[in-house]
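Participant: Handing you this structure, nothing more for now.
Numbering (our numbering), first residue to last: 1 to 945.
Take a look at the structure:
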């Protein structure tokens with residue numbers, strides 16, 4: 001038991017201090033040292049013992065007290081011990097600065113170390129130990145050249161100063177000048193042949209770095225000859241045996257490691273390598289024991305770094321990511337540069353990536369890439385991180401580089417495909433196909449997810465047959481073959497039957513009775529769903545219905561199947577059944593935002609505005625305001641509320657429009673590429689008359705929506721055409737309407753034909769207007785508004801022709817013929833046109849019971865039907881009277897006739913000038929009240945990531 005004795009002043013007695021039993025509170029020892037004015041070398045001994053015991057605070061407290069001004073004054077004649085205390089503090093803060101990771105704290109530690117060394121130099125500027133300490137500080141700061149100069153100063157005064165020689169050897173080793181380092185180690189050995197074995201170990205390490213493996217082995221063996229139980233030499237030889245990568249060499253290496261451990265159980269290098277061995281054998285308890293022991297017995301930075309790394313790997317493999325991250329960070333703190341030991345950076349990057357700290361993960365993986373620029377795993381990890389950070393181009397660059405470095409890495413192509421799905425479906429499809437081919441060539445089973453994704457990409461590219469082939473290949477054999485008609489005995493039933501009895505599961509019980517196994521593995525549910533979605537696109541709704549019902553039979557909580565069935569019912573205008581199916585989905589999850597949003601949309605179609613608004617709010621609240629579709633639906637609701645025809649209130653209209661704009665903007669802030677929100681914002685701006693801005697927005701939305709089967713937006717084409725119409729650019733409006741008709745409606749939509757006819761009318765292209773209206777009448781023969789408007793166009797054409805100052809005989813004959821055709825058509829449809837005339841309210845007729853009833857009926861009709869659209873008006877002049885008709889329901893006819901003041905024959909006429917004023921007023925209103933179409937929800941396919 002080692003002790004020190006502190007002499008008592010003015011006495012021959014001494015205070016005995018047992019070094020192994022130093023008090024926890026260093027103040028007790030300090031009181032004795034100061035009271036007895038103990039020699040400063042005792043202060044150093046006690047401080048050093050505290051340091052060995054790991055009591056760093058007590059160590060620092062004693063040394064700082066020993067370097068205080070009052071001690072300097074009292075021990076002014078004692079120079080060496082004072083310098084030794086200051087140098088010890090300098091070395092301590094140099095060490096703290098070396099291991100600190102935060103730059104600010106690191107600099108503070110180095111500043112303190114510099115102050116202590118400078119203070120020691122003021123006592124004796126030629127003291128070699130101070131210059132050696134300064135060299136070590138500069139080496140820790142990475143200032144290798146200045147460290148070299150500090151050691152050189154010592155060697156210039158004493159060429160045989162062994163600490164300076166060894167320090168210089170370290171500088172040269174860190175410089176990579178292993179030959180010079182080797183010479184300095186040799187020189188130190190020549191000066192002092194009895195140097196410890198560490199010097200010869202240094203020689204062996206230099207030989208190893210120079211590639212002189214045999215001489216390095218000889219140096220290590222020489223150490224063993226001098227000291228057969230030198231654990232460090234055994235570990236070095238063991239490492240060389242392990243690196244041979246041969247079974248015999250690995251066995252020899254592990255034997256040497258065990259022997260080193262038996263000789264000295266606290267050899268940190270041996271403990272680390274043994275821990276590494278037991279990690280791969282899965283004995284994590286031994287790994288943790290060995291590494292904790294290694295950490296307790298060494299202060300060497302690189303060695304501690306390996307120990308922390310082993311400990312972190314053990315926790316990482318057990319799923320304790322918090323502890324793993326802590327120890328990876330501790331491992332990194334023990335090294336100066338990634339080139340010294342890069343593995344903890346990779347492990348920490350993985351942990352940070354899993355925790356979602358992408359910036360930290362990026363920093364760590366980039367350090368790995370500095371050391372190993374062609375490492376595929378690191379490149380793939382960086383690709384994923386850049387995706388999360390929104391830097392897609394960089395992500396693609398790293399993924400493509402990984403596939404070029406190793407073109408046989410199927411996983412790299414899979415990762416590249418997943419990255420490209422949202423940006424380049426063609427390239428993503430090629431990547432997935434390459435991965436599939438590599439797996440098939442390698443004899444691996446292609447995962448269901450890969451085949452499913454290939455099918456989804458084919459679907460998005462409208463290659464439906466190839467998509468069907470991929471889905472069938474992903475599913476293989478199963479009950480779905482019978483349900484899709486791919487077996488001799490098919491169970492496909494009519495869509496009209498299957499949708500109505502969606503709760504009836506007798507079909508699947510009948511399949512079981514016929515000996516078919518009605519099994520649906522969980523990993524194929526998404527593929528079956530996508531297959532059903534594909535059959536929907538192929539208009540095989542019966543097959544799709546059965547597949548959705550199969551999913552519900554095996555997985556009754558699969559909400560998306562209910563919603564797709566509801567979407568099919570909605571497409572067939574069976575709103576009641578659609579609402580019932582959505583409610584079934586809400587029974588599974590009453591806060592499902594998709595189901596709530598769809599229910600709100602259905603309620604809007606039923607004109608249940610109050611319920612729809614509450615439902616959309618519930619959908620938004622279910623996701624804490626993060627569901628874009630719910631917010632978008634609320635925006636649509638406010639827009640529709642603003643443009644409703646009944647009791648138009650300008651102030652309320654402006655409030656609703658502003659609220660709609662706010663909601664659309666909120667969606668765009670969350671998702672800058674949301675086309676639907678951008679379209680809504682453009683609509684609101686158009687309603688406010690800002691046509692140039694809204695045109696720019698609609699143009700960008702049109703460009704963004706083109707080229708995807710998932711995003712079909714005819715609405716934006718119509719809105720653009722409306723903008724051109726409002727700006728008087730009728731040629732572009734006509735072209736846009738025609739393109740929309742051809743691209744989305746196969747030239748079969750009477751409403752857009754009416755818009756087109758109106759544009760021709762305003763452009764005074766009477767013949768084109770008439771032809772367009774006749775096409776619309778052919779599509780909707782029961783729409784008498786179209787017939788009336790056709791008559792208006794024919795009359796306008798005749799009037800303009802007859803009013804010409806110069807007209808040919810042919811023009812005259814053609815005009816008369818058109819008028820006769822109009823007259824004959826009018827007489828043939830007299831009974832039907834009565835339905836138009838009775839809607840007109842005479843100006844001077846007194847109120848009667850019949851008129852009161854008509855007004856009530858008129859009020860009901862105006863509230864009936866969809867309030868999502870306001871249609872463009874058409875204008876007619878006949879016999880000095882003006883008639884304005886809405887192309888849809890009678891409500892607009894009644895309202896507009898009432899405002900203009902239409903009169904029948906034999907009744908009071910309106911003066912010509914007053915009539916023109918009213919016509920101009922109505923036309924201005926028509927320009928303001930253009931129809932802006934809003935869009936509904938696109939139900940997309942599911943695709944697993």
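Here a beta-carbon is modelled for each residue, glycine too, at the ideal position from N, C-alpha and C.
Ignore the nearest five residues each way along the sequence and tell me which others in residue 307's own chain have a CB closer than 6 Å to its CB.
Facilitator: 272, 291, 294, 295
Participant: Please go through the same chain and pick out, in chain order, the residues whose beta-carbon is closer than 8 Å to the beta-carbon of residue 46, but skip the five residues on each side of it.
Facilitator: 4, 17, 19, 22, 29, 33, 62
Participant: State the Cα-Cα distance for the pair residue 752 and residue 612, rounded to the nearest angstrom.
Facilitator: Between residue 752 and residue 612, the C-alpha separation is close to 28 Å.
Participant: Would residue 946 pass as a contact of residue 139 if the rule is Cβ separation under 8 Å?
Facilitator: A query on residue 946 cannot be resolved here, the shown segment of the chain reaching from 1 to 945 and no further.
Participant: Can at least three beta-carbon pairs, one atom from the region 178–187 and one from the region 218–229, be found at a separation below 8 Å?
Facilitator: Judged by Cβ distances under 8 Å, the region 178–187 makes no contact with the region 218–229, as fewer than three pairs qualify.
Participant: Distance, Cα to Cα, residue 801 vs residue 792?
Facilitator: 14 Å
Participant: Within 8 Å, do at least three Cβ pairs link the region 730–743 to the region 709–722?
Facilitator: yes
Participant: Quickly, what does DSSP pair residue 14 with across the bridge? List them, please.
Facilitator: 7
Participant: Between the C-alpha atoms of residue 374 and residue 402, what's the straight-line distance to the nearest angstrom?
Facilitator: Put simply, the backbone Cα of residue 374 is about 8 Å away from that of residue 402.
Participant: Which runs of the alpha helix (DSSP H), 4 residues or longer, sit entirely within the region 293–359?
Facilitator: Runs of the alpha helix (DSSP H) spanning 4 or more residues and lying entirely within the region 293–359 occur at 301–318, 321–333, 343–355, in chain order.
Participant: Just list the beta strand (DSSP E) runs in the region 47–134, keeping only unbroken ones of 3 residues or longer that don't cross its boundaries, in chain order.
Facilitator: none
Participant: Does the distance from the CB of residue 448 to the CB of residue 436 come in under 8 Å?
Facilitator: no
Participant: Using C-beta distances below 6 Å, list every residue in its chain close to residue 671, excluding the 5 sequence neighbours before and after it, in chain order.
Facilitator: 628
Participant: Please report the distance separating the alpha-carbon of residue 467 from that of residue 774.
Facilitator: Residue 467 and residue 774: Cα-Cα distance of roughly 41 Å.
Participant: Under 8 Å, do residue 178 and residue 206 count as touching if we go by C-beta distance?
Facilitator: yes
Participant: Unbroken beta strand (DSSP E) runs of length 3 or more, entirely within the region 657–726: which are they?
Facilitator: none
Participant: Buried or exposed: residue 90, going by 16 or more other Cβ atoms within 10 Å of its Cβ?
Facilitator: buried
Participant: Would you report the Cα separation of residue 352 and residue 64, rounded to the nearest angstrom?
Facilitator: Distance between the alpha carbons of residue 352 and residue 64 is about 40 Å.
Participant: May I have a chain-ordered list of the alpha helix (DSSP H) segments no shorter than 4 residues that lie completely inside the region 148–185?
Facilitator: 162–175
Participant: Going along the chain, which residues of its own chain have a beta-carbon closer than 6 Å to the beta-carbon of residue 365, five neighbours each way excluded?
Facilitator: In its chain, beyond the 5 residues on either side, 349, 378, 381, 382 have a beta carbon closer than 6 Å to the beta carbon of residue 365.
Participant: Taking all protein chains shown into account, decide if residue 669 is buried (16 or more other Cβ within 10 angstroms of its Cβ) or exposed.
Facilitator: exposed
Participant: To the nearest angstrom, how far is the alpha carbon of residue 96 from that of residue 71?
Facilitator: 25 Å
Participant: Where residue 204 and residue 270 are concerned, what is the direct C-alpha to C-alpha distance, given to the nearest angstrom?
Facilitator: Approximately 17 Å between the Cα atoms of the pair.
Participant: How should residue 111 be labelled, buried or exposed, when 16 other C-beta atoms within 10 angstroms of its C-beta is the threshold for buried?
Facilitator: exposed
Participant: Determine the closest residue to residue 637 out of 261, 702, 602, with distance taken between C-alpha atoms.
Facilitator: 602
Participant: Assign residue 200 to one of two classes, buried (16 or more other C-beta atoms within 10 Å of its C-beta) or exposed (fewer than that).
Facilitator: buried
Participant: Helix, strand or coil: which one does DSSP assign to residue 372?
Facilitator: It is coil, neither helix nor strand.
Participant: Just the C-alpha distance for residue 288 and residue 274, rounded to the nearest angstrom, thanks.
Facilitator: 11 Å
Participant: Among residues of its own chain, excluding the 5 on either side of residue 706, which ones have a beta-carbon nearer than 6 Å to its beta-carbon?
Facilitator: none
Participant: Distance, Cα to Cα, residue 59 vs residue 153?
Facilitator: Rounded to whole angstroms, residue 59 to residue 153 spans 30 Å at the Cα level.
Participant: Taking its Cβ as the centre, do 16 or more other Cβ atoms sit within 10 Å of residue 652, making it buried, or is it exposed?
Facilitator: exposed
Participant: What are the complete alpha helix (DSSP H) segments, minimum 4 residues, inside the region 419–460?
Facilitator: The region 419–460 contains these whole alpha helix (DSSP H) runs: 425–441, 448–460.
Participant: Just to confirm the assignment, what range does the alpha helix (DSSP H) spanning residue 747 have?
Facilitator: Judged by DSSP secondary structure, residue 747 falls outside any alpha helix (DSSP H); it is assigned neither H nor E.
Participant: Which of the three DSSP states, helix, strand or coil, is assigned to residue 634?
Facilitator: helix
Participant: Report all residues from its chain with a CB closer than 8 Å to the CB of residue 583; omit the five preceding and five following residues, and keep chain order.
Facilitator: Within the same chain, 599 come within 8 Å of residue 583 by CB-CB distance, once the 5 residues on both sides are set aside.
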